[in-house]
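Please read the structure below before turning to the comments.
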DNA sequence: CCTAGATCGAACCGATCGGTACGATACCAG
DNA sequence: CTGGTATCGTACCGATCGGTTCGATCTAGG
């Protein structure tokens, strides 16, 4: 059986399946750590199919990162929304979600930030920037709801904590509870901003 | 003149010169972004010489990263020591130094953390871990001198801020003053820790 | 039934990769 | 003067890279 997959049946279906399969491989091995041939073999797809869908390895990478950013952003937002109305609870929920993520077996840091560190060119850097911008938007909403005097500045401080604890959780074994520590720090900053306002 | 360089005169001299020249290239282009041949050409050294000194590209990378970690650690420590006795001033000096670094033209994030994001294997990951451990030691000294109830936890929160603001400064153009914001956050945490103690 | 398109596996491309080998040259220690 | 060593430039190695092409195979739509 030379062609076991459904062929013409999936216009965007194949594309989504490729992205889904390629995502963990590129994440675990690094963008330059795995070749196109191996990628194709792993997802049971020929090179020709891959190149018609994505044009190049870079195209695949961009699609993978875009999907990843979208997915994790929605996931974080869901965590916030299920934390009630109190801004402090919502903020805590962000770092609780991060802590859970950091504890997962295959955790290797943020895929977007790692990608930008690997290919420090325009596409990956822009994508990481947009990713952080989305994160900042979520945090700014919380800061605004909390009535901070300068919600933008507070949200950016939280962004630094979110980013930093993810990197530390990945690269510094000596700090096991990075997200938990960052959570306390974020709440302290929130309390200080409220007291100052 | 086929051999213009001093030959037997430099046992560790050549090694140091190679490291010094290779450092900015590997930093700017990424570990996988430049080949051994190009590296050798850039520093006017033959491949044979490079491989006798470092054994492999990985060996060169490790030597470069080790030297870099040592250098930046000493630089940060010097900044702290020239900031007087007051812990708050020393803490501020750390982030002032970071802000200056982030503003330099070729800034591309922390070389150690970038390397660990690229080659997520044992050597680079361990090196990044030791690098963060050195940073943590410096911060813990300050936290201890400040009389914090839990100096280790406070220092780790500062470590998250230091790491986070460096990544954000590199990858998020929407947060220009990341180090300055992190500095304010760190001082707020210090004040809160003192008030709580 | 038949055409158009999607897919497959595999062969193939030039380029580059990390790493080695070689002969020649220059220096230093004895 | 001589022998050991460090370096040079270059050629070379096998492997892998990203990317293209091709004929065979299958399926959906007309």
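Protein chains in written order, with the numbering used here: chain G, 1 to 197; chain P, 1001 to 1197.
For each residue, glycine too, the CB sits at the ideal point set by N, CA and C.
Rounded to whole angstroms, the Cβ separation of residue 1064 of chain P and residue 1076 of chain P is 19 Å, and the two are not in contact under 8 Å. Exclusion of the five residues before and after residue 1130 of chain P leaves 1069 as the residues of its chain whose Cβ lies within less than 8 Å of its Cβ. A Cβ-Cβ separation of about 6 Å places residue 1168 of chain P in contact with residue 163 of chain G under the 8 Å criterion. Going by C-alpha positions, residue 1119 of chain P is about 44 Å away from residue 195 of chain G. Between the C-alpha atoms of residue 1166 of chain P and residue 135 of chain G there is a straight-line separation of about 17 Å. Taking a Cβ-Cβ threshold of 7 Å, the residues of chain P close to residue 120 of chain G are 1030 and 1108, in chain order. About 5 Å separates the CB atoms of residue 142 of chain G and residue 87 of chain G; that is less than 8 Å, so the two are in contact.
Bounds of the alpha helix (DSSP H) holding residue 1126 of chain P are 1122-1145.
By a beta-carbon distance limit of 8 Å, residue 1154 of chain P does not contact residue 175 of chain G. Their separation comes to about 12 Å. If you check each beta-carbon in the segment 128-161 of chain G against every beta-carbon of chain P, the ones closer than 8 Å belong to 128, 129, 132, 133, 136, 153, 156, 157, 159, 160 and 161. Short of 6 Å from the beta carbon of residue 67 of chain G, and not among the five residues preceding or following it, lie these beta carbons of its own chain, in chain order: 19. Close to residue 173 of chain G, with beta-carbon spacing below 7 Å, are these residues of chain P in chain order: 1129. Put simply, the CB of residue 165 of chain G is near chain P, with a gap under 8 Å to one of its CB atoms. For residue 102 of chain G, the three-state secondary structure derived from DSSP is helix.
Separation of residue 29 of chain G and residue 107 of chain G (C-alpha to C-alpha, rounded to the nearest whole angstrom) is 12 Å. Unbroken alpha helix (DSSP H) runs of no fewer than 4 residues, entirely contained in the segment 1010-1048 of chain P, are found at 1013-1029 and 1036-1042, following chain order.
In the three-state reduction of the DSSP assignment, residue 110 of chain G falls in the coil class, being assigned neither a helical nor a strand state. In the structure shown, residue 1119 of chain P adopts coil according to DSSP, grouped into three states. Straight across, the Cα-Cα distance linking residue 1156 of chain P with residue 1190 of chain P is about 12 Å. Residue environment analysis places residue 1074 of chain P among the exposed positions, since fewer than 16 neighbouring C-beta atoms fall within 10 angstroms of its C-beta.
Around the beta-carbon of residue 1090 of chain P, 16 or more other beta-carbon atoms lie within 10 Å, marking it buried. Distance from residue 1109 of chain P to residue 1170 of chain P at the Cβ level is roughly 4 Å; contact confirmed, criterion being Cβ atoms closer than 8 Å.
Contact note: residue 1168 of chain P reaches chain G through 132, 156, 159, 160, 163 and 164, using a C-beta cutoff of 9 Å and chain order. When rounded, the separation of the alpha-carbon atoms in residue 1193 of chain P and residue 1022 of chain P is 43 Å.
In this chain, the alpha helix (DSSP H) harbouring residue 1059 of chain P covers 1057-1081. For residue 148 of chain G, the secondary structure class from DSSP, reduced to helix, strand or coil, is coil.
Collapsing the DSSP output to three states places residue 1163 of chain P in a helix.
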